[in-house]
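Sequence lines, in order, name chains X and D. Note that the first sequence covers residues 106 to 243 in our numbering. Note that the second sequence covers residues 106 to 243 in our numbering. Glycine included, every Cβ here is placed at the ideal spot set by N, Cα and C. The structure under discussion appears below in the form of structure tokens.
Protein chains: 2
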Amino acid sequence: MSIEFDNNLPIYLQIMNHIKRQIVSGLLQPGDKIPSVRELAADLQINPNTIQRTFQELEREEVVETKRGLGRYVTSEGSKIMAIKKEMAGDLIHQFIHGMQELGFKNQDIVTIVKEAVAVKDNTDRKGASPDGHIAEG
Amino acid sequence: MSIEFDNNLPIYLQIMNHIKRQIVSGLLQPGDKIPSVRELAADLQINPNTIQRTFQELEREEVVETKRGLGRYVTSEGSKIMAIKKEMAGDLIHQFIHGMQELGFKNQDIVTIVKEAVAVKDNTDRKGASPDGHIAEG
DNA sequence: ACTAGTGTTATAGTTGAATAGTACACTAGG
DNA sequence: CCTAGTGTACTATTCAACTATAACACTAGT
């Protein structure tokens, strides 16, 4: 595992989101064992206390379950994972649409821009073409 | 002016983005005077030093211009403002699409979800109806 | 028992954001 | 000249994130 860190957001939150994404995307399945505190700390070159805090937060959100002396595991409750996924997606959507509206874009513009963006992404996926990042004017 | 602050991001960055949004959306026009350090500090109940840092960063990005002893003004260069707008929109789009893909959504899903979201928004705008936050499954 | 690997707790120190307070420099206007 | 309002600079302090290090508790396997 490797994460590109953003200095403007606490590390423990970034690692939290990283793990939650791995879970809701299916990369980590319900019941799967997640790395130990010391293992992940060494892997990410982060202090074990910071990882411990990350895991405590994940447990507070019921995303992982702890078996003392054994390790931590992804919650086996699929409904909880689905709820987390909806919450994370909802946050992304709200942040995006609200942000675009604040920049002066209208709803119709926003839909158009998203269509263009994923179209460019599809092209790069298929042909490896270089996108120019063009954005429709608001 | 009033801003709802997020504790996980430095205040000076949040105020920066707030002002940049006001500029690129046209709420603040090129050449407009922006609040003084002390005025904005009192208005937002924030320490003047923090506001000073905010403005210094905005000046470094050439978003505002300083006339010592007089005040600060929105840059008169429309091209610079347009560039900032594209940059901010591009960041939002990338963050959104990349984030949704990490959650396991396909490009087609993403377009559909955005259409639904703005449709709900339009309904609330017109009729004041209560949205249920429904999201299509990935 | 012993060991290795796990989670847990605790203390101390470093760093950067934010605050509090003060003082200085520049500009316009009376 | 003097005042009010502006930007600028500096020191000291508080607080949270993060680090460094160590110790303790639990579990499985030998």
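At a C-beta separation below 8 Å, residue 113(D) has these neighbours in chain X: 114, 115 and 118. Residue 176(D) has 172(D) as its beta-bridge partners, per DSSP. Between the alpha carbons of residue 174(X) and residue 144(X) lies a distance of about 14 Å. For residue 197(X), the chain D residues whose Cβ falls inside 7 Å of its Cβ are 201, 204 and 205, in order along the chain. Counting only the Cα atoms, residue 167(D) lies some 21 Å from residue 197(D). Per the C-alpha coordinates, the member of 227(X), 210(X), 141(X) and 162(X) positioned closest to residue 178(X) is 141(X). DSSP, reduced to helix, strand and coil, places residue 138(X) within a strand of the structure shown.
Under the DSSP assignment, residue 196(X) falls in the alpha helix (DSSP H) whose first and last residues are 183-207. Taking a cut-off of 8 Å on C-beta distances, the segment 108-120 of chain D does not touch the segment 128-136 of chain D, as fewer than three cross pairs fall below it.
Interface annotation, residue 141(X): not in contact with chain D, CB-CB separation never under 7 Å.
Within chain D, 126, 129, 130, 190, 193, 194 and 197 have C-beta atoms less than 8 Å from the C-beta of residue 208(X), given in sequence order. Considering only 216(X), 111(X), 210(X) and 208(X), the residue with the shortest C-alpha distance to residue 202(D) is 216(X). Nearest CB-CB separation between residue 122(X) and chain D: not below the 7 Å threshold.
Taking all protein chains in view, the Cβ of residue 165(D) is surrounded by fewer than 16 other Cβ atoms within 10 Å, so the residue is classified as exposed. Using beta-carbon distances, residue 212(D) counts as an interface residue toward chain X, with a partner under 7 Å. Spanning the alpha carbons of residue 139(D) and residue 185(X) requires a straight line of approximately 47 Å. At a cut-off of 7 Å between beta carbons, residue 168(X) makes no contact with chain D. Interface annotation, residue 216(X): in contact with chain D, CB-CB separation under 7 Å.
Apart from sequence neighbours up to five positions away, the residues of its chain that approach residue 129(X) with a beta-carbon distance below 7 Å are 186, 189, 190 and 193, ordered along the chain.
The alpha carbon of residue 126(D) has as its nearest neighbour, out of 154(D), 113(D) and 108(D), the alpha carbon of 108(D). Counting only runs that start and end inside the segment 107-158 of chain X, the alpha helix (DSSP H) elements of at least 4 residues fall at 116-129 and 142-149. The beta carbon of residue 181(X) sits closer than 8 Å to the beta carbons of 135, 136 and 170 from its chain, once the five residues preceding and following it are set aside; these are given in chain order.
In this model, residue 222(D) and residue 172(D) are separated by some 44 Å (Cα to Cα). Cβ-Cβ distances below 6 Å link residue 205(X) to 215 in the same chain, with the five nearest sequence neighbours on each side left out; the list follows chain order. Within a 10 Å sphere around the beta-carbon of residue 210(X) sit 16 or more other beta-carbons, which makes this residue buried.
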